[in-house]
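Asks: Would you mind keeping the following structure in view while I ask a few things?
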Amino acid sequence: MKEFFVYDKNGESITKINISAVPLDTTKILGWCNHIYIDTKDNLWIGTTEGLYQISNNLSKTRKITVEECPILKNSFVLFLGENSKNELLICTSGGLCIMDLKEYNIKTFTIENGLPEGFIFSVLEDKNQNLWVSSSRGISRLTFSGDYSKLVNVLNFSSVDGLQSDFFIERASYKTKDGMMFFGGVNGINYFHPDSFTFNKIIPKIEIDEIIIQGKRKIKSSSSYYSKRISDTREIELPYWQNFITLKYIAFNYIKSSKNKYSVFLQGFDEDWKPDEGSRSTTYMNLKPGKYIFMVKGSNNDGIWNEIPATLNIKINPPYYGNFWAYLFYFFIFTLLLYYIRIVIITRERLKTEIEQINRELEKDNKKSENKILDYFERKLTLNSYDEKFLEKLIQVIEMNFSNSDFNVLTLSKDVGIKPGRTAQKN
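Under numbering that gives the first Met the number 0, the first residue of the sequence shown carries the number 0, and numbering increases by one thereafter.
Printed below as a string of structure tokens:
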């Protein structure tokens, strides 16, 4: 953005202001300008295709609202700027509606997730009850808050079904008169109304589950083993594990513009939070694991009056035969037997090991005794052999000495050798 023009409605003059000539700081204003707004403190706000900028009332400083402050600006651009009765800045973007506190620059964001029908918000007006009326590419929406915008209570959407000239409106084409009349311009004309002139359907609709489809097959007949005579009277269904592809259909008994009835569903045990359903009147769950679930559905009428008491259905999916209680009991029994068998094997091995060690010790002891006996035997043998050798040497020596002696006889030999005659005879 390089320049803008200032119109003096009193002097009926137009002044051209060159941005580059204004003594601003280093912040540059980028993108194509979509809207310029002056707040109650005379600060200038510029909404562009590249973000949101604030120029101080003395034109000395410019500030860009960062993505950290307003994350929605990361992937969207500013379309319209306004202010509410609390002097908060209303920012209409291509991603939703933002409300900025001009003191602390705190920002609250409202998008499709909060109930808006479309992310592109073209303009916004506030009524005397602090409700915000926004135009978009899918009609007009009324946002109702509590506690001075502290909490969003309800979003009520209007479309061509309600008499709008079209679902598509024009950027910045909105105006509110002093008496509160609102005007919104669209592609096929203008819609105008006073917020107090609306009459709303305040009848709380009854919610029922009216159809159950399992594995793509409709299950409604009273002959079905799963259901009672009326689906609405059914409180619980029990299914085998392989029938875990379930579609549930429901209805809110409101026939005034019933296409605008809304629903919110929650499957306890599967979903983390309630999920909105804008009108398909059905929800599907696939590959549900064996277990117990509670399906709940809440609904509203065409004017957003909700029945907070949900219709419920208990769903029990039985495990396969190998995963039921008796199967696990059998597995536990087998496991216990296995542990017992392993324990018996370990105890038997330890006992055998102890017995083998005892036998080895006894064998070792017996072997040692046998070795000692053998050693004693050979020691005695060796001792005897040595004695015999000495005796023979002495005997030969005596015989050689007395070989020529005629008086040498056995008695003399015995006497010289040192043995008794009886033993000599035994030696002989």
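Note that beta-carbon positions come from the ideal geometry of N, C-alpha and C, so glycine has one too.
(1) Skipping 5 residues on each side, what residues in its chain have a beta carbon closer than 6 Å to that of glycine 114?
(2) With DSSP collapsed to three states, give me the class of aspartate 41.
(3) Where does valine 152 sit, in a helix, a strand or coil, going by DSSP?
(4) Can you list, in chain order, the residues of its chain whose CB lies under 8 Å from that of threonine 47, leaving out five sequence neighbours each side?
(5) Taking Cβ to Cβ, would you say tyrosine 240 is nearer than 7 Å to asparagine 317?
(6) List the DSSP bridge partners of cysteine 97.
(7) Only counting the same chain, and skipping five residues up and downstream in sequence, which positions put a Cβ closer than 7 Å to that of glutamate 207?
(8) Is glycine 303 helix, strand or coil when you go by DSSP?
(9) Put proline 309 into one of helix, strand or coil per three-state DSSP.
(10) Would DSSP call glycine 50 helix, strand or coil?
(11) Run through DSSP, which three-state label would leucine 131 get?
(12) Assuming asparagine 306 and lysine 201 form a contact by the criterion Cβ under 8 Å, report the distance between their Cβ atoms to the nearest whole angstrom.
(13) If I follow the unbroken beta strand (DSSP E) through proline 275, where does it start and stop?
(14) What does the Cβ neighbour count give for tyrosine 6, buried or exposed, with the cut at 16 atoms within 10 Å?
(15) Once the 5 residues before and after asparagine 68 are set aside, which same chain residues still bring their CB inside 7 Å of it?
(16) Which residue wins for smallest C-alpha separation from phenylalanine 157, given the options Val133, Glu170, Ile189?
(17) Which residue's Cα is closest to the Cα of methionine 295: Gly50, Asp276, Gly179, Ile139?
(18) What is the rounded straight-line gap between the Cα of glycine 138 and the Cα of isoleucine 169?
(19) Within the same chain, show all residues whose beta-carbon is closer than 7 Å to that of valine 66, passing over the 5 residues directly before and after it, in chain order.
(20) Mapping DSSP to helix, strand and coil, what is glycine 290?
(21) Could you compute how far the alpha carbon of phenylalanine 197 sits from the alpha carbon of serine 59?
(22) Give me, in chain order, the residues of the same chain whose beta-carbon lies closer than 8 Å to that of methionine 181; leave out the 5 immediate sequence neighbours on both sides.
(23) Pull up the distance between the alpha-carbon of glutamate 112 and that of threonine 335, whole angstroms please.
(24) Bridge partners of threonine 65, per DSSP?
(25) Straight-line CA distance for glutamine 267 to serine 299?
(26) Within a Cβ cutoff of 6 Å, which residues of the same chain sit near phenylalanine 199, ignoring the five residues on either side of it in sequence?
(27) From serine 223 to threonine 233, what distance separates their C-alpha atoms?
(28) I'd like the list of long-range same chain contacts for tyrosine 320, defined as Cβ closer than 8 Å, with 5 residues on each side in sequence excluded.
(29) Using the C-alpha atoms, what's the distance from isoleucine 355 back to phenylalanine 329?
(30) To the nearest angstrom, how far is the alpha carbon of phenylalanine 3 from that of lysine 15?
(31) Could you tell me if valine 264 is buried or exposed, where buried requires 16 or more neighbouring beta carbons within 10 angstroms of its beta carbon?
(32) Unbroken beta strand (DSSP E) runs of length 3 or more, entirely within the region 301-366: which are they?
(33) Classify valine 186 as helix, strand or coil using the three-state DSSP reduction.
(34) Within its chain, find whatever has a CB closer than 7 Å to the CB of serine 93; leave out the 5 residues flanking it on each side and keep chain order.
(35) Specify, as a first and last residue, the run of the beta strand (DSSP E) that valine 77 falls within.
(36) Mapping the DSSP letters down to three states, classify serine 55 as helix, strand or coil.
Replies: Taking the coordinates as given:
(1) Stepping through the sequence shown from its first residue, residue 114 is reached at position 115. Same-chain partners within the cutoff: Val154.
(2) The residue given as residue 41 occupies position 42 in the sequence shown. Looking at aspartate 41 - three-state DSSP - the assignment turns out to be coil, as it is neither helix nor strand.
(3) For the purposes of this step, residue 152 is identified with residue 153 of the sequence shown, where counting begins at 1. Note: valine 152 maps to strand in three-state DSSP.
(4) As a position in the sequence shown, residue 47 is number 48, starting the count at 1. Result list for threonine 47: Met0, Ile28, Leu29, Gly30, Trp31, Cys32, Asn33, Phe76, Val77, in chain order.
(5) Your numbering for residue 240 matches position 241 in the sequence shown. Your numbering for residue 317 matches position 318 in the sequence shown. Their beta carbons are under 7 Å apart, which means tyrosine 240 touches asparagine 317 by this criterion.
(6) In the sequence shown, the residue the question calls residue 97 occupies position 98. Bridge partners of cysteine 97: Ile90, Thr108.
(7) Against the sequence shown, residue 207 aligns to sequence position 208. Taken in chain order, the residues that qualify are Ser231, Tyr249, Ile250, Ala310.
(8) The residue you call residue 303 lines up with position 304 of the sequence shown. Glycine 303: coil per DSSP, three-state reduction.
(9) Here the question's residue 309 lines up with position 310 in the sequence shown. Note: proline 309 maps to strand in three-state DSSP.
(10) Taking the first residue of the sequence shown as 1, we reach residue 50 at position 51. Glycine 50 falls in the strand class under three-state DSSP.
(11) Along the sequence shown, one-based indexing puts residue 131 at 132. DSSP places leucine 131 in strand when its eight states are reduced to three.
(12) Translated into the one-based positions of the sequence shown, residue 306 becomes position 307. Translated into the one-based positions of the sequence shown, residue 201 becomes position 202. That belief does not hold up - the Cβ atoms of asparagine 306 and lysine 201 are roughly 12 Å apart, past 8 Å.
(13) Counting from one through the sequence shown, the residue named residue 275 turns up at place 276. Note, proline 275: beta strand (DSSP E), 274-276.
(14) Taking the sequence shown and counting its residues from 1, one reaches residue 6 at position 7. The residue in question, tyrosine 6, is exposed, as its Cβ has fewer than 16 Cβ neighbours within 10 Å.
(15) To locate residue 68, count along the sequence shown from 1; it is residue 69. In the sequence under discussion, the amino acid at residue 68 is glutamate, which differs from the asparagine named in the question. Result list for glutamate 68: Tyr104, Ile106, in chain order.
(16) Along the sequence shown, one-based indexing puts residue 157 at 158. Closest option to phenylalanine 157, Cα to Cα, is Val133.
(17) Counting from 1 along the sequence shown, the entry for residue 295 is found at position 296. When only C-alpha atoms are compared, the closest one is Asp276.
(18) Counting from 1 along the sequence shown, the entry for residue 138 is found at position 139. Counting from 1 along the sequence shown, the entry for residue 169 is found at position 170. Each residue's alpha carbon lies about 11 Å from the other.
(19) Along the sequence shown, one-based indexing puts residue 66 at 67. These residues qualify, in order along the chain: Leu72, Lys73.
(20) In the sequence shown, counting from the first residue as 1, residue 290 sits at position 291. In the structure shown, glycine 290 sits in a strand (DSSP, three-state: E or B).
(21) Taking the sequence shown and counting its residues from 1, the one referred to as residue 197 is at position 198. Taking the sequence shown and counting its residues from 1, the one referred to as residue 59 is at position 60. Straight-line Cα distance between these residues: approximately 46 Å.
(22) Taking the sequence shown and counting its residues from 1, the one referred to as residue 181 is at position 182. The residues are Leu124, Asp126, Trp132, Ser173, Tyr174, Lys175, Tyr191, Phe192, His193, Pro194.
(23) Within the sequence shown, numbered from 1, the residue matching residue 112 stands at position 113. Within the sequence shown, numbered from 1, the residue matching residue 335 stands at position 336. Spanning the two alpha carbons is a distance of roughly 53 Å.
(24) Numbered from 1 along the sequence shown, position 66 holds the residue referred to as residue 65. DSSP lists no partner for threonine 65.
(25) As a position in the sequence shown, residue 267 is number 268, starting the count at 1. As a position in the sequence shown, residue 299 is number 300, starting the count at 1. Distance between the alpha carbons of glutamine 267 and serine 299: 21 Å.
(26) Position 200 of the sequence shown, counted from the start, is the residue given in the question as residue 199. Closer than 6 Å at the Cβ level, and outside the excluded window around phenylalanine 199, lie Asp302.
(27) Translated into positions along the sequence shown, residue 223 becomes position 224. Translated into positions along the sequence shown, residue 233 becomes position 234. Residue placement at serine 223 cannot be trusted, given a pLDDT of 43 that sits under 50; the coordinates are not used to answer.
(28) For the purposes of this step, residue 320 is taken as residue 321 along the sequence shown, with counting starting at 1. Ala326.
(29) Position 330 of the sequence shown holds residue 329. Position 356 of the sequence shown holds residue 355. So the two alpha carbons sit approximately 38 Å from each other.
(30) On the sequence shown, residue 3 is found 4 positions in, with the first residue counted as 1. On the sequence shown, residue 15 is found 16 positions in, with the first residue counted as 1. Between phenylalanine 3 and lysine 15, the C-alpha separation is close to 6 Å.
(31) Residue mapping note: residue 264 aligns to position 265 of the sequence shown, counting from 1. It counts as buried.
(32) 305-316
(33) Taking the sequence shown and counting its residues from 1, the one referred to as residue 186 is at position 187. Looking at valine 186 - three-state DSSP - the assignment turns out to be coil, as it is neither helix nor strand.
(34) Mapped onto the sequence shown, residue 93 falls at position 94. Cβ neighbours of serine 93 beyond the five flanking positions: Ser75, Phe76, Leu78, Gly118, Phe119.
(35) The sequence position of residue 77 within the sequence shown is 78, counting from 1. Unbroken beta strand (DSSP E) run through valine 77: 77-82.
(36) Taking the first residue of the sequence shown as position 1, residue 55 is located at position 56. Three-state DSSP puts serine 55 in coil, outside helix and strand.
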